[in-house]
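First residue of the sequence shown: 12, per the working numbering; consecutive thereafter.
Glycine is no exception: its CB is placed at the ideal position from the N, C-alpha and C atoms.
Nothing here was measured: the structure is a model prediction, and the numbers come from that model.
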Amino acid sequence: GVREHLDLSFEGVFEMFPHPMYSVGYFFYYGAAIIAQSYTVLWVSLFAHLLQMVFLALVENPHIERTYGGDKPKAADETTARARYSIFFGQDVLLLKNLNLFRASDVLMLLLVLHVPLLGALDLSLSFYFGLAVLWRLIHTVGTGVVLHKQSNSQWFTNAYVAQGSSIDAAFYNWKALYNITLLMSHASFALCCLEWWARATHEFTFGSILFRLPVAFILISIGLWSASAVLDVLGEFGWFYGDFFYGAAASASLSYQGIYRFLNNPDTITGFFLLYGLALLADSPAMVSLALFSQGCHWAFVMLVEKPHMKRLYGDQERKEGGIEKNVKSRLLLIRERKAVRRVLEHPIAQRAKETIEATRSVLKEATLKASDQLTSIGRTASELQNKAKVIIDETKTKSKKLKATILPEPRDDDSDEDPVSLGSPPRSPLPHSASASDAEAKKNQ
């Protein structure tokens, strides 16, 4: 049955990785492939891992959601203010999702995207495609960053619409279209550059065989797509389009560190760019890897210069300092540092002399204990010998005492044994005649 009033607990490794048994728990498969130096083992490991992830998605996750209510923000966390703005979401185009050809902004976006493969068909230089990808990355990061920065400080974007007799809602609607177009074009131009670089590769440099690059790129791309989906699942369309820059904190309730945000504070800055690294690996080009690094660096600058100051101003102390991975890694490093500090203290000359003194004292005490033990054993042995001798002396004394007693007091005769002179009333016999006889005998002997 369904368990009620139970919450999932995320501690230790569960605070660092989502579903660690199914994610990092399979790393030893890939380690076995490296040890075996076999692409066959690598592909079998990838297939086994993929089957386990299918089991997670189709069996375990649905069961967890039914039993514990999943890992999504509770409905109670939604404020009345945010519910009011829900009318502006649900039909927005997200990349190509919810594309509506009856909306002018969607048609314009589609035309821009379609010109990307047309540019690829023109067979232009690699520098052109590389520059196009850099241009769209700057437009997306720097352009939207400037708009949001000014919007956060002075409501510049919405004020421009209000000044023309429009509304904040209209400003936000057009902002969403602009953000989606620049995001989609930055990714499309990057993918086109990777494709052109792969088609014209000279193979002077390679990241390895295609049998190696293909599964690794598949893993990176999968993580990137999952990361984007997980971010959208937690933030919703409101957070995805930076709604709190336009409607303030009243529309976004409180900060939520659930889902992928349990592990990372800014997953879109880290795992969100694995998609680009996967494409760069398929292109087998260091230039594309450097472009992926450039794109990630641009987004990191956007987060540090635009997003974090706005979050600090809007949410104050609600903002978390570090994610689950960072917190656990820091705690492990701190523990290692403390152990090293203790080791350095123990290796100090004073500590070494103290250790030598303790060892010497321990050796002296051990030797003294052994000597005392030997002395006690010797004393015990001597006492045992004395006891035996005393016993012999006592036995000899008893024997001599018995003999002396027999000599002084002879045994009574048998004929007198039954007579009791006192009880018969007869007077005692006088010893004088016996004494006289003895004197006469002795006198005769002397003659």
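Judged by their CB atoms, Pro297 and Val242 are not nearer to each other than the 8 Å cut-off. A straight-line Cα-Cα distance of about 10 Å links Ile405 and Ser412. Exclusion of the five residues before and after Tyr272 leaves Val245 as the residues of its chain whose Cβ lies within less than 6 Å of its Cβ.
From the listed residues Val340, Phe313 and Ala59, the smallest Cα separation to Tyr33 is found for Ala59. Taking the C-beta atoms as reference points, Arg211 is found no nearer than 8 Å to Phe218. Per DSSP, Ile281 lies in no alpha helix (DSSP H) and is assigned neither H nor E. Following the DSSP letters along the chain, one finds Ile75 inside the alpha helix (DSSP H) bounded by residues Asn72 to Tyr79.
Listed as beta-bridge partners of Lys108 by DSSP are Leu105. Counting only runs of 4 or more residues that sit fully inside the region 117-205, the alpha helix (DSSP H) segments are 137-149, 155-165 and 167-174, in chain order.
The continuous alpha helix (DSSP H) containing Phe58 extends over residues Tyr50 to Phe66. Taking 8 Å as the cut-off, the beta carbon of Trp186 is found no closer than this to the beta carbon of Leu137.
DSSP places Asn399 in the helix class (H, G or I) of the three-state scheme. Under the DSSP assignment, Lys319 falls in the alpha helix (DSSP H) whose first and last residues are Lys319 to Tyr326. By the CB criterion at 8 Å, Leu69 and Gly131 fall outside the cutoff. Judged by DSSP in its simplified three-state form, Gln269 adopts coil rather than helix or strand.
Sequence-distant partners of Ile230 (beyond 5 residues in either direction) whose C-beta falls short of 8 Å from its own C-beta, in its chain, are Leu57 and Gly289. For Tyr253, the three-state secondary structure derived from DSSP is coil. Contact between the region 110-125 and the region 161-172 is absent: fewer than 3 CB-CB pairs across the two stretches fall below 8 Å. Non-local C-beta neighbours of Gln307 in its own chain, meaning closer than 6 Å and more than five positions away in sequence, comprise Phe284, ordered along the chain.
Around Ala44, the same chain offers Val52, Leu53 and Ser56 as residues with beta carbons nearer than 7 Å, after the five sequence neighbours per side are excluded. Note that the C-beta distance between Trp251 and Met196 is not below 8 Å. Your pair Ala303 and Ala312 does not check out as a contact, with CB atoms roughly 15 Å apart and the cut at 8 Å.
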